[in-house]
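In my numbering, the protein residues as written are 445 to 735.
To start, the structure itself, in structure tokens.
What follows is the structure, given as structure tokens:
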């Protein structure tokens, strides 16, 4: 269950041990007509070495009356929701991971799991997209990164203690539907890419954290895993990132002129580019200031 909770939190890890002394970080103040709110780019899994967080996060938090996350994090931790996640990632029609993969890819997967002292039989009923997410989370956890220490959970827990209001931009069921879009990719390609990507995970984690801590979202979105998804699986990228951005932009502008200050915390991948949240906010006449 703990693993499934992390899968929900990581989303596209998919979506980051560096000095804490950068002048800027991944927090922005968004203002218009005398009112303002904050937007913070998050990493959903971190480790103890990543704390304390950059100062700008705590500045925005202290000034905010309401914290708004991608989804309801407490609901995502409920056993019923985790059981629903497992069911969505599993076959219910007699198919197995072996029946959907070529012998070559199945053998590579089996060898990888054996090297981690895990029997592939534990995942016999899992769909390849679900197993891909599980493997990615397992590797993050092996490197000491867990959802409990992620930026989102950190501030969700803090807001409950401080009795700040908490909101969300989408439901858990909506998030699950987005995740299932990964099934559009050929299952052999999904597993092959996952096994290749986890080899470079230690390097990417260091690069990702460095970009995030200094607020360099261009560098963040130029990483190989992100570029591969955009170029080779544009439908999945659109579903996981762009379509959700557009949905959120029907809600975020309405936060102005409501006599409260909000701190919106979403995965950093949602902020950059022409269709990223920051550029879309600027296009609607908001002033976006990098803290």
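Idealized CB from N, CA, C, for every residue including glycine.
Give the straight-line distance between the Cα atoms of residue 513 and residue 576, rounded to the nearest whole angstrom.
25 Å
Can we say the stretch 689–702 touches the stretch 526–545, given the rule of at least three CB pairs closer than 8 Å?
no
Beta-carbon spacing of residue 680, residue 628 below 8 Å:
yes
Taking its Cβ as the centre, do 16 or more other Cβ atoms sit within 10 Å of residue 563, making it buried, or is it exposed?
exposed
Cross-strand partners of residue 569 (DSSP beta bridge)
In DSSP, residue 569 forms no bridge with anything.
Pick from 585, 608, 589 and 531: whose alpha carbon is nearest that of residue 570?
531
Same chain, Cβ closer than 6 Å to residue 479, neighbours up to 5 away in sequence not counted:
700 and 701
Going by other Cβ atoms of all chains shown within 10 Å of its Cβ, with 16 needed for buried, is residue 714 buried or exposed?
buried
Taking DSSP as the reference, what is the three-state secondary structure of residue 634?
helix
Residue of 573, 536, 518 and 519 minimising C-alpha distance to residue 545:
573
Whose C-beta lies closer than 8 Å to the C-beta of residue 507 among residues of the same chain, with five residues either side of it excluded?
482, 705 and 707
Reduced DSSP secondary structure (H/G/I, E/B, other) of residue 601:
helix
Can you check which of these residues, 609, 592, 587 and 485, is closest to residue 642 by C-alpha distance?
587
Go through its chain and collect everything with a Cβ distance to residue 722's Cβ below 6 Å, but skip five positions before and after it.
715 and 732
My output table needs one value for residue 509: the three-state DSSP class, helix, strand or coil.
coil
Need the endpoints of the alpha helix (DSSP H) that residue 671 sits in, please.
668–676
Contact belief for residue 709 with residue 639 at Cβ below 8 Å, rounded distance in angstroms
In fact, because the Cβ distance is near 31 Å, the residues do not count as touching under 8 Å.
For residue 543 versus residue 659, is the C-beta spacing smaller than 8 Å?
no
Between residue 511 and residue 728, what straight-line distance do the alpha-carbon atoms span, to the nearest angstrom?
22 Å
Straight-line CA distance for residue 703 to residue 579?
44 Å
Separation of residue 585 from residue 474, as counted between CA atoms
34 Å
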